[in-house]
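Below is one structure, written out as structure tokens; the observations come after it.
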Amino acid sequence: MVNYYPENREYFEMGCSMIEVRGLTKEYTIVKKSPGLRGAVKGLFVRDYTVKRAVDNINFSINQGELVGYIGANGAGKSTTIKMLSGILTPSSGEVKVNGIIPYQERKKNAQTIGAVFGQRTQLFWDIAVRESYHLLKHIYQIPDKQHKETLEMFIEVLNLGPLLATPVRQLSLGQKMRCELAAAFLHNPSIVYLDEPTIGLDVAVKTRIRAFIREMNKLHNTTVLLTTHDMQDIEEICNRIIIIDEGKVLYDGSLASIKERFGQKRVIHFELDLEGEFTLPAALEGKANVIPGEEEGKISLSFSSKEMNAADVISAVLGEYRARDLTIADPKIETIVHEIYERGV
Amino acid sequence: MRKYWELMKSQIKLDSAYTIWYWSGTASTILRVFVIYAFWSAVYDNRVEITGIPLSTMLTYVVLATLLSNYSAGVGYELANRVRNGEVAIELMRPYDLMHKLVALDLGTKITSSVRNTLPIIILSFIFIGINLPHTWFAGPLSILSAIIGVFIGAQLDMIIGILAFWVFYIWGLRILRNAILLFFSGALLPISLFPDWLQTVSTFLPFQSIVYVPVAIYTGQITGSDIYFSILMQLVWLVVIFGIIRLLWSFALRRVTIFGG
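Residue numbers (our numbering), protein chains in the order written: chain R, 33 to 378; chain Y, 4 to 265.
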């Protein structure tokens, strides 16, 4: 792992960081099931277990007020880390400290100071009106009347919740629900908020509003935010630091600017070619572009750095030797960057 | 404490909102009471009493037992569901004790249904079936006290099954088993005093009769005198024991918690 954040080290030693993670590891035991009816019967008596290491010796520390993007492919270990940070999961080994508290030992105390949004699940009370949900949260988090009223008024205005307050959560659209969820996560003025894919499935207008809200909260209360997402735009607009993990390990930890400099020029062009035989890289692209074979016959993708050559040159080099049915130029996706880092190292 | 109180209130508000659910619940209870009435009237057709119990006492017992057994379930199913679909993750992120929260919600539901469902049916039973008043004037309040403890015991037993969902993901089979045991040993079907002696002895060492039999038998006078106090004491002991077991299981469950689905 490469740490581009030497100043973190000092904070860690001074004990000023909000989240500290040292050697954090989580292993799951998974029951292996043999296929078929015979396997099912066998499974009643003999069970094979495999151990899966979802999070593998992770280290990082996050200071108060940082906006951190925590990214990686599906199943990379993001949610598992967040669950350990929020005290839901007990680590197999390693240390985790949030706000000076070991979350899994003092779950309730930790819960009082954190907020969370899970894009895939609702945390509002499903059957009751949004307003009632907020009223309940007020009591659950023991928010003083005055503070609750002021915060709620502000949220209603910023997130435009007014028309939604009387509606039960189950009748809200996804975008409406997510705005309500976000307000719920920030209602008790938590010092840390975990956002697990908060913009998943939302339209651009809602996404923009949500991003602005997160930045606003950070500016206003110096709230620390840990965000996981697959949307590069979320990261660009919200975060100033990113941590990339893959297969449970930290691959990159540093500023957004530096990763953009390294990988932002990454371009991928997808070709659909009329191929006779194998595809070989045209001589002009030798050493400058990488071939990513596609899943179907004739589909290949080329990745290259826009520093070294531009897209037009790549296309003309390929078209000089092959007949293309179709081609698309892809935006640099976070998955591509993660894949690239994983393949080649930082 | 306040937060649990608010949770309970929200559940009461929620339950009051579902009118169709309420009417169908009431209708099915009335139907069951009617069937019980018809059944026991037929059984008593040619005799005055069975092992010393006259028809009116028997009817009083089975009607009250049927109503009370409606309360023997708790939130175990709810908990098990949340464990299986992973929602328990969000519950664990809140600054409350999930066990206390579930009990609060359960109480909310039970308060609503006792006011809207049970109470009217008891009144109807007095008028149309002619069930008896409490055995003595003192047996009335004591049986209510005993019933409240019994409801807590039932809810807690259910919770144990819910917690088991952390180990056994599909608790359907366990629930069927529990329902069968409960129907029989709680005394929801028959007074336990009608069981053969050995079965009665077995039953006294189990917590199930505390849920239905003890409160109803205090009401009808099958448990009298100082036995009443002893029975209530036993109920309290069971409540404490089961509560302890739940706390222990829960702490184990939290330690091995794994959240499903992402």
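Where a beta carbon is used, it is the ideal one built from N, C-alpha and C, also for glycine. Values in this document were obtained by computation on a predicted structure and should not be read as measured data.
Quiz item: Between which two residues does the beta strand (DSSP E) containing Glu328/R stretch?
Solution: Where Glu328/R is concerned, there is no enclosing beta strand (DSSP E), given that its DSSP letter is neither H nor E.
Quiz item: Which residues in chain R sit within 7 angstroms of Ser254/Y, going by Cβ to Cβ distance?
Solution: What Ser254/Y touches in chain R: nothing, since even the nearest Cβ is about 11 angstroms away.
Quiz item: Nearest chain R C-beta to Met96/Y closer than 9 angstroms, yes or no?
Solution: yes
Exercise. Taking only the alpha-carbon atoms, compute the straight-line gap between Pro123/R and Glu59/R and give it to the nearest angstrom.
Key: 8 angstroms
Practice problem: Taking the CB atoms as reference points, tell me whether Ile249/Y and Ile163/Y lie closer together than 9 angstroms. | Solution: yes
Quiz item: Is the beta carbon of Asp159/R less than 9 angstroms from the beta carbon of Val201/R?
Solution: yes
Quiz item: What number of angstroms, rounded off, separates the C-alpha of Arg35/Y from the C-alpha of Asp48/Y?
Solution: 20 angstroms
Exercise. With 9 angstroms as the threshold, decide whether the Cβ of Gly119/R is near any Cβ in chain Y.
Key: yes
Quiz item: Considering His302/R, what are the terminal residues of the beta strand (DSSP E) in which it resides?
Solution: Lys298 to Asp306
Exercise. Could you name the residues that DSSP lists as bridge partners for Phe92/R?
Key: Val53/R
Quiz item: Smallest Cα separation from Arg247/R: which of Met50/R, Lys65/R and Gly97/R?
Solution: Gly97/R
Exercise. To the nearest angstrom, report how far apart Val217/Y and Ala150/Y are at their CA atoms.
Key: 8 angstroms
Quiz item: Terminal residues of the continuous alpha helix (DSSP H) containing Ser125/R?
Solution: Not the alpha helix (DSSP H): Ser125/R falls in the beta strand (DSSP E), residues Ser125 to Val130.
Exercise. Count the other CB atoms, across all protein chains shown, that sit within 10 Å of the CB of Tyr102/R; report buried if there are 16 or more and exposed otherwise.
Key: buried
Quiz item: Do you know how far the Cα of Glu138/R is from the Cα of Arg41/R?
Solution: Because the pLDDT of Arg41/R is 44, which lies under 50, any placement of that residue in the model is unreliable, and the question is left without a value.
Quiz item: So, using beta-carbon positions, are Ile274/R and Gly286/R closer together than 9 angstroms?
Solution: yes
Practice problem: Under 8 angstroms by Cβ, that's how I've got Ile94/R and Ser165/R pegged, so tell me the actual separation to the nearest angstrom. | Solution: With a Cβ gap of about 29 angstroms, Ile94/R and Ser165/R do not count as contacting.
Quiz item: For His171/R, which residues in chain Y fall below 7 angstroms Cβ to Cβ?
Solution: Arg5, Lys6 and Glu9
Quiz item: Is it true that the CB of Asp109/Y sits closer than 9 angstroms to the CB of Ala168/Y?
Solution: no
Practice problem: Could you tell me which of Val87/R, Arg243/R, Lys181/R and Gln203/R sits nearest to Ile270/R, measuring between CA atoms? | Solution: Arg243/R
Exercise. Name, going along the chain, the residues of the region 265-277 of chain R whose beta-carbon falls closer than 9 angstroms to a beta-carbon of chain Y.
Key: none
Practice problem: Mind checking who Lys58/R pairs with in its DSSP beta bridge? | Solution: Val87/R
Quiz item: Are any of the Cβ atoms in chain R nearer than 9 angstroms to that of Ile214/Y?
Solution: no
Quiz item: Going by beta carbon distance, what residues of the same chain come within less than 7 angstroms of Trp253/Y, once the five residues before and after it are set aside?
Solution: Met102 and Ile166
Practice problem: For Gln137/R, go through chain Y and note every residue whose CB falls closer than 8 angstroms to its CB, in chain order. | Solution: Within chain Y, no residue comes near Gln137/R; the closest Cβ sits about 11 angstroms away, beyond 8 angstroms.
Practice problem: Kindly identify the DSSP beta-bridge partner or partners of Tyr284/R. | Solution: Ile276/R
Practice problem: Please list the partners that Tyr222/Y has in chain R, where partner means a Cβ-to-Cβ separation under 9 angstroms. | Solution: Neighbours of Tyr222/Y on chain R: none; closest Cβ ~35 angstroms, over 9 angstroms.
Self-check item: 9 angstroms Cβ cutoff, Lys209/R in contact with chain Y
Solution: no
Quiz item: Would you call the region 205-224 of chain R and the region 142-149 of chain R touching, i.e. three or more CB-CB distances under 8 angstroms?
Solution: yes
Quiz item: Touching or not, the region 125-140 of chain R and the region 189-204 of chain R, by the rule of three or more beta carbon pairs under 8 angstroms?
Solution: no
Self-check item: Spatial neighbours of Thr115/Y in its chain, beta-carbon cut-off 7 angstroms, leaving aside the 5 residues before and after
Solution: Ile15, Asp18 and Ser19
Quiz item: For the alpha helix (DSSP H) that contains Arg97/Y, what are its first and last residues?
Solution: From DSSP, Arg97/Y is part of no alpha helix (DSSP H); its letter is neither H nor E.
Self-check item: Under 7 angstroms from the C-beta of Asp285/R: neighbouring residues of chain Y
Solution: Those do not exist, as Asp285/R stays about 23 angstroms from chain Y at its closest Cβ, beyond 7 angstroms.
Quiz item: chain R beta carbons: is any one of them nearer than 9 angstroms to that of Ala168/Y?
Solution: no
Quiz item: Using the rule of at least 16 other Cβ atoms within 10 Å of the residue's Cβ for burial, across every protein chain shown, is Tyr232/Y buried or exposed?
Solution: exposed
Self-check item: Residue nearest to Gly326/R in terms of C-alpha spacing, selected from Arg294/R, Ser335/R, Asn106/R and Val78/R
Solution: Ser335/R
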